[in-house]
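Protein sequence lines, in the order shown, are assigned to chains A and B.
Quick note on numbering: the first sequence equals residues 1 to 185 in the working numbering.
Quick note on numbering: the second sequence equals residues 186 to 451 in the working numbering.
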Amino acid sequence: MAEEARGTDDPGRFEQVVLPHLNAAYNLARWLVRNRHDAEDIVQEAYLRAFKFWGGYQGGDARAWLLKIVRNTSYSFLERKRPADQGEEFDEKIHVSESAEPDAEAALLQSSENQMLRDALERLPVNFREALILRELEGLSYKEIAEVMEVPIGTVMSSLARGRAQLRELLLVMRDQEMRSGLRR
Amino acid sequence: MACADKTLLVHAYFDGELDLVRSLELEEHMKTCESCAQELRSQETLRGSLRTSNLYEPAPQGLEGRVRASLPRAKSIATMDRPQSNVPAISLDSSPPRPRSRALEWVAVAAAILIAVVLTLRLFPDLTGRPQAVLAQEVIASHIRSLQPGHLLDVESTDQHTVKPWFNGRVDFSPPVRDLAEQGFPLMGGRLDYLDRRNVSTLVYQRRKHIISVFVWPLDSATKPPASAFAEGYNVISWQHAGMNFCAVSDVNADDLRQLSQLLQQ
Chain A
1 MAEEARGTDD PGRFEQVVLP HLNAAYNLAR WLVRNRHDAE DIVQEAYLRA FKFWGGYQGG
61 DARAWLLKIV RNTSYSFLER KRPADQGEEF DEKIHVSESA EPDAEAALLQ SSENQMLRDA
121 LERLPVNFRE ALILRELEGL SYKEIAEVME VPIGTVMSSL ARGRAQLREL LLVMRDQEMR
181 SGLRR
Chain B
186 MACADKTLLV HAYFDGELDL VRSLELEEHM KTCESCAQEL RSQETLRGSL RTSNLYEPAP
246 QGLEGRVRAS LPRAKSIATM DRPQSNVPAI SLDSSPPRPR SRALEWVAVA AAILIAVVLT
306 LRLFPDLTGR PQAVLAQEVI ASHIRSLQPG HLLDVESTDQ HTVKPWFNGR VDFSPPVRDL
366 AEQGFPLMGG RLDYLDRRNV STLVYQRRKH IISVFVWPLD SATKPPASAF AEGYNVISWQ
426 HAGMNFCAVS DVNADDLRQL SQLLQQ
């Protein structure tokens with residue numbers, strides 16, 4: 001850890017400390033902008049920015065430091081290219097039929113195909129999606145997520161709770177729709 | 186659905202972010218509360234799906250090479266006329282020597298400003314402070330967070346003459362600190378918290394086995410204290426005294442909290 005105590009001007013050190021987190025950077029960008037090519041551009045731009053801020057890197061978790069830059073770059077991109085993404089909200093009024101029993105629900109979740117899960121995640125509001133990606137795919141702690149998203153820990157906690165609830169509802173709604181369209185065929 | 190006042194706790198427990206005492210309490214609760222136990226099982230199922238569905242998007246082949254190639258070489262840095270170590274967060278004059286990057290940066294700066302304005306307006310339509318209900322959630326979350334191991338106290342002392350000076354230089358005001366052990370509220374110490382975008386000082390008192398967090402910050406701040414509330418098993422009460430906002434949060438009953446409030450206003 002002492003080795004990482006401070007950023008230096010040495011580009012070699014930058015590559016050593018920051019480049020290993022390329023997968024994490026791409027994964028976050030890819031999930032935030034939901035497009036492979038844009039994500040690649042964003043990662044490149046984020047690394048350029050990170051390189052410029054390298055002198056100000058105070059040590060600590062390099063992954064969280066880089067992810068914060070990736071996140072800000074992604075949000076800049078979203079705001080510039082697709083303002084609609086920012087205000088997008090999952091309609092909390094959508095509810096599945098009351099008949100969904102807990103056990104049926106668990107079975108549904110368990111059997112949901114990868115694609116459906118992927119679609120549902122992509123339809124979540126961007127801040128909930130972000131919290132979930134950082135927690136479930138990147139395995140960050142609440143404190144680290146708070147650092148990346150620059151919000152209080154309490155907000156991380158409630159974003160995860162609400163994001164998970166919406167994800168579950170979305171999955172049920174999508175499964176419900178699929179079954180109906182299957183019946184019509 | 187979990188019990189309304191337990192939802193956040195179930196998630197914090199599920200994420201391993203709850204302290205031992207509260208974990209045990211919740212486990213005890215879930216032995217008899219089927220809806221909370223069901224909520225936890227649903228989360229486990231969901232996590233299982235999330236982690237076994239190949240959702241992680243690793244960097245495509247070739248991206249690392251492109252990133253390396255786009256980073257300025259060591260040589261070009263050495264010939265730059267500014268040292269890199271003091272580059273401010275948004276700096277325009279130390280860009281890599283490529284015209285395209287400079288133009289891109291202007292776009293980025295413009296976009297950053299635009300985003301800042303839009304987000305500020307969207308997130309904080311009322312610039313005088315957040316809605317008080319949100320703030321109540323925030324103080325409760327801060328309090329719960331503080332109960333996790335190692336987070337309760339930055340300065341541990343029952344001596345008000347140790348705790349008060351500790352805040353000097355850490356916050357830009359001087360919170361009133363009093364030990365109330367004789368009245369049944371021994372002072373345990375203090376810590377710094379972050380509330381509604383500002384630093385606040387927090388005094389920690391004990392009442393029987395319960396912990397009470399008292400957040401203190403100046404009256405002239407844009408952050409107004411949350412309304413008194415009861416949520417997630419915690420009581421929140423606020424008052425103003427001697428030029429300061431006070432907000433006490435705890436799982437003790439409201440009468441105890443009001444008693445502490447009165448003692449602190451004497």
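Don't be surprised by glycine CBs; every beta carbon is placed ideally from N, CA and C.
Residues that residue i bridges to, as DSSP identifies them
| i | result |
| --- | --- |
| alanine 433 of chain B | B/Val399 and B/Ile422 |
Burial state of residue i (16 or more Cβ within 10 Å)
| i | result |
| --- | --- |
| valine 430 of chain B | The amino acid at residue 430 of chain B is misidentified as valine; the sequence shows asparagine. With 16 or more other Cβ atoms within 10 Å, it is buried. |
| threonine 237 of chain B | exposed |
| proline 20 of chain A | exposed |
| aspartate 381 of chain B | buried |
| glycine 418 of chain B | exposed |
| arginine 71 of chain A | buried |
| methionine 179 of chain A | exposed |
| valine 399 of chain B | buried |
| aspartate 436 of chain B | buried |
| tryptophan 65 of chain A | buried |
| lysine 216 of chain B | exposed |
| glycine 154 of chain A | buried |
| tryptophan 31 of chain A | buried |
| alanine 295 of chain B | exposed |
| glutamine 44 of chain A | buried |
| asparagine 114 of chain A | exposed |
| lysine 394 of chain B | exposed |
| glutamate 367 of chain B | exposed |
| leucine 404 of chain B | exposed |
| aspartate 190 of chain B | exposed |
| glutamine 425 of chain B | exposed |
| serine 420 of chain B | Serine is not the amino acid found at residue 420 of chain B; the sequence shown has asparagine there. Asparagine 420 of chain B is buried by the Cβ-count criterion. |
Where residue i falls: helix, strand or coil (DSSP)
| i | result |
| --- | --- |
| arginine 151 of chain A | For clarity, residue 151 of chain A is valine in the given sequence; the question names arginine instead. The answer is coil: DSSP assigns valine 151 of chain A none of H, G, I, E or B. |
| alanine 414 of chain B | strand |
| leucine 445 of chain B | helix |
| serine 331 of chain B | helix |
| aspartate 204 of chain B | coil |
| glycine 59 of chain A | coil |
| threonine 192 of chain B | helix |
| threonine 237 of chain B | coil |
| serine 427 of chain B | Rather than serine, the amino acid found at residue 427 of chain B in this sequence is alanine. The answer is coil: DSSP assigns alanine 427 of chain B none of H, G, I, E or B. |
| alanine 165 of chain A | helix |
| methionine 450 of chain B | First, the amino acid is wrong: residue 450 of chain B is glutamine here, not methionine. DSSP places glutamine 450 of chain B in coil when its eight states are reduced to three. |
| asparagine 72 of chain A | helix |
| proline 20 of chain A | helix |
| valine 246 of chain B | Here the sequence assigns glutamine to residue 246 of chain B, which means valine is not the residue at that position. Coil, per DSSP. |
| arginine 226 of chain B | helix |
| alanine 254 of chain B | helix |
| serine 35 of chain A | Sequence inspection shows asparagine at residue 35 of chain A; the serine mentioned does not correspond to that position. Coil. |
| proline 268 of chain B | Caution applies to proline 268 of chain B, whose pLDDT of 41 falls short of 50 and renders its modelled position unreliable; the model cannot decide the point. |
| cysteine 218 of chain B | coil |
| alanine 439 of chain B | helix |
| alanine 296 of chain B | helix |
| lysine 52 of chain A | helix |
| glutamate 79 of chain A | helix |
| alanine 64 of chain A | helix |
| alanine 187 of chain B | coil |
Beta carbon proximity, residue i to chain C, threshold 8 angstroms
| i | result |
| --- | --- |
| leucine 134 of chain A | Chain labels in this structure do not include chain C; the protein chains are A and B. |
> Looking at chain A, which residues of the stretch 223–252 of chain B have a Cβ within less than 8 angstroms of any of its Cβ atoms?
Replying inline: Gln223, Arg226, Ser227, Gln228, Thr230, Leu231, Arg232, Gly233, Ser234, Leu235, Arg236, Ser238, Asn239, Leu240, Tyr241, Glu242, Pro243, Ala244, Pro245, Leu248, Glu249, Arg251 and Val252
>> List, from N- to C-terminal side, the alpha helix (DSSP H) runs of 4 residues or more that fit wholly inside the stretch 337–407 of chain B.
In response: 345–351
>> Which residues of the stretch 136–149 of chain A have a Cβ closer than 8 angstroms to any Cβ of chain B? Give them in chain order.
In response: Glu136, Leu137, Ser141 and Tyr142
>> Residues of the stretch 154–176 of chain A in Cβ contact with chain B at a cutoff of 8 angstroms, in chain order, please.
In response: Gly154, Thr155, Met157, Ser158, Leu160, Ala161, Arg164, Leu167 and Arg168
> If contact means a Cβ-Cβ distance below 8 angstroms, which residues of the stretch 31–46 of chain A contact chain B?
Replying inline: Trp31, Arg36, Ala39, Glu40, Val43, Gln44 and Glu45
> Mind pulling the alpha helix (DSSP H) runs of 4 or more residues that sit fully within the stretch 125–151 of chain A?
Replying inline: 126–132 and 142–149
> What residues in the stretch 353–386 of chain B bring their beta carbon closer than 7 angstroms to a beta carbon of chain A?
Replying inline: Tyr379
> Got a sec: which bits of the stretch 47–76 of chain A sit with their beta carbon under 9 angstroms from any beta carbon on chain B, in order along the chain?
Replying inline: Across the stretch 47–76 of chain A, CB contacts with chain B closer than 9 angstroms involve Tyr47, Leu48, Arg49, Phe51, Lys52, Phe53, Trp54, Gly55, Gly56, Asn72, Thr73, Tyr75 and Ser76, in sequence order along the chain.
> Which residues, in chain order, does the stretch 326–352 of chain B contribute to contact with chain A at a C-beta distance below 7 angstroms?
Replying inline: Ala326, Ser327 and Arg330
> Between the stretch 12–29 of chain A and chain B, which residues of the former have CB atoms less than 8 angstroms from a CB of the latter, in chain order?
Replying inline: The residues in question are Gly12, Phe14, Glu15, Leu19, Leu22, Asn23, Ala25, Tyr26 and Asn27.
> What are the residues of the stretch 403–420 of chain B that lie near chain A, defined by any Cβ-Cβ distance shorter than 8 angstroms?
Replying inline: none
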